[in-house]
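Engineer: Numbered by the working numbering, the letters in the sequence shown go through residues 2 to 145 in order. All residues carry an ideal CB built from backbone N, CA and C; glycine is no exception.
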Amino acid sequence: MPDNDKVVLRFTNGKLLKGYLQEFSQESPEISFKKLDGKKTQTIPVLKLKAIFFVKTFEGNSKHKEKKIYGIRRSEGKKIFVKFKDDESMVGYLQGKAPWDKGFFLSKPDERQTGLFIVPVDEDSNNIKIFVIYSAVKDITAVP
Numbered sequence: 002m003p004d005n006d007k008v009v010l011r012f013t014n015g016k017l018l019k020g021y022l023q024e025f026s027q028e029s030p031e032i033s034f035k036k037l038d039g040k041k042t043q044t045i046p047v048l049k050l051k052a053i054f055f056v057k058t059f060e061g062n063s064k065h066k067e068k069k070i071y072g073i074r075r076s077e078g079k080k081i082f083v084k085f086k087d088d089e090s091m092v093g094y095l096q097g098k099a100p101w102d103k104g105f106f107l108s109k110p111d112e113r114q115t116g117l118f119i120v121p122v123d124e125d126s127n128n129i130k131i132f133v134i135y136s137a138v139k140d141i142t143a144v145p
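(1) Is DSSP giving Leu10 helix, strand or coil here?
(2) Please classify Tyr21: does DSSP put it in a helix, a strand, or coil?
(3) Which same chain residues, not among the five before or five after Ile32, have their C-beta less than 7 Å away from its C-beta?
(4) Kindly indicate which three-state DSSP category Lys40 falls into: helix, strand or coil?
(5) Out of curiosity, what's the CA-to-CA distance linking Gln96 and Gly116?
(6) Looking only at C-alpha atoms, which of Arg113, Asn62 and Asp140 sits nearest to Ser92?
(7) Spell out the partners DSSP gives Tyr94 in its beta bridges.
(8) Measuring CB to CB, does Gln43 end up less than 9 Å from Lys35?
(9) Measuring alpha carbon to alpha carbon, tell me which of Asp87, Phe85 and Gly78 ends up nearest Val144.
(10) Find the nearest neighbour of Glu89 within the set Val8, Val138 and Asp38, judged by alpha-carbon distance.
(11) Let me make sure I understand the geometry here. Which of Ile119, Asn5, Asn127 and Ile134 has the alpha-carbon closest to that of Thr58?
(12) What does the alpha-carbon distance come out to for the pair Phe118 and Lys41?
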């Protein structure tokens, strides 16, 4: 993964941080991150995060109303519905192979992985892709 990806970190406590991802691996329990206004890199435990949003811009477009339906963009993989422990939900396309045995989040994912990547259904979204952290997830369902 290239260094210095623009990201917005969403913590499980609701806090947001904008900045640059310095080091990241799906298997690592930590990420290296530099805040927009910061000069030094900080280490953040993945378990404190809900998701990592890889964004086009830090400003986004406040006038854009995100579309949350399938079929408005070319399919980017398996359709999934994610329900977080805080009851927020998200729809998207799974990037890569399903990390669970069944067609839904009944079995445990690969223990080495801390999360999975999804692509938003709205290609006009400011989000390029989202890394969803397993520990913040209540349920993931594959959508037919």
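Structural biologist: Looking at the atomic coordinates:
(1) strand
(2) strand
(3) Leu22, Glu24, Phe25, Ile45 and Val47
(4) coil
(5) 11 Å
(6) A quick correction: the sequence has Val, not Ser, at residue 92. With distances taken between CA atoms, Val92 lies nearest to Asp140 out of Arg113, Asn62 and Asp140.
(7) Beta-bridge pairing links Tyr94 to Lys80 and Val120.
(8) yes
(9) Gly78
(10) Val138
(11) Asn127
(12) 27 Å
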